[in-house]
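J.:
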Amino acid sequence: MRVIDSSTLIKYFVREDGWEKVREIILEGVITLDLAIKEVANALWKKVLRGDLNHETAIRILKDIVEEKPLPIINQDKYLVNAFEISAKHGITIYDALFIALSKERGQELVTSDTKQAKMARELGLKVILV
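Read left to right, the sequence shown gives residues -2 to 128 (our numbering).
Shown next as structure tokens:
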């Protein structure tokens, strides 16, 4: 089981470069935070505003995520204090730190498409797959 972050999920859902690799990883077993669903929704919104994705496709993706529940979603509250410590100490966003905190506490590899987050996770001793 691995922890997958929002940047990687959006890559998969909108079929960006590398989405096939993400699909393989998802099929092997991943978990994510409830925050990821909100971040994916926000990324879809931005893509619609820029004209990179049509509104109907974004709605379909969101409905699939909410109704189908394609992967286990973990409540972030338990990890918030640890994430704050990581964020404050290392200068990364609380959002990125939440995924690092989840990975660290559960002893699971982090899957991300965010190079800054990957670097920090590695510095904290985590195994990382950068997609």
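Ideal Cβ positions, reconstructed from N, Cα and C, are used throughout, including at glycine. Here the structure is a predicted model, which means the values were calculated and not measured.
(1) Roughly how many angstroms lie between the CA atoms of N72 and I28, to the nearest whole one?
(2) Just to confirm, is the Cβ distance from F10 to V45 under 9 Å?
(3) Suppose the cutoff is 6 Å on Cβ atoms and the five residues either side in sequence are ignored; what does the same chain contact list for A94 look like?
(4) Can you list, in chain order, the residues of its chain with a C-beta nearer than 7 Å to that of A115? Leave out the 5 residues immediately preceding and following it.
(5) Mapping DSSP to helix, strand and coil, what is I89?
(6) Under the rule that 16 or more other beta-carbon atoms within 10 Å means buried, what is I23, buried or exposed?
(7) Near P69, what residues of its chain come up, given a Cβ to Cβ distance below 7 Å and the 5 sequence neighbours on each side ignored?
(8) Which residues does DSSP list as the beta-bridge partners of I28?
(9) Quick one: using the 10 Å Cβ neighbour count with 16 as the cut-off for buried, is T90 buried or exposed?
(10) Using DSSP bridges, identify the partner residues of V108.
(11) Pull up the CB-CB distance for V19 and Q105, whole angstroms please, since I reckon it's below 8 Å.
(12) Could you tell me the distance, in whole angstroms, from the CA atom of K86 to the CA atom of R47?
(13) Assign I56 to buried or exposed, taking buried as 16 or more other Cβ atoms, counted over all protein chains shown, within 10 Å of its Cβ.
T.: Looking at the atomic coordinates:
(1) The alpha-carbon of N72 is positioned some 11 Å away from that of I28.
(2) No, they are not a contact pair.
(3) A80, I83 and S84.
(4) Around A115: T109, V125 and L127.
(5) Correct three-state label for I89: coil.
(6) The residue in question, I23, is buried, as its Cβ has 16 or more Cβ neighbours within 10 Å.
(7) Within the same chain, P69 has close Cβ partners I28.
(8) Beta-bridge annotation (DSSP): I28 is paired with V0.
(9) It is exposed - the Cβ of T90 has fewer than 16 other Cβ atoms within 10 Å.
(10) According to DSSP, V108 bridges with I1 and I126.
(11) The beta-carbon separation of V19 and Q105, rounded to 16 Å, does not stay under the 8 Å limit for a contact.
(12) Cα atoms of K86 and R47: separation of roughly 35 Å, rounded to the nearest angstrom.
(13) Burial call: exposed.
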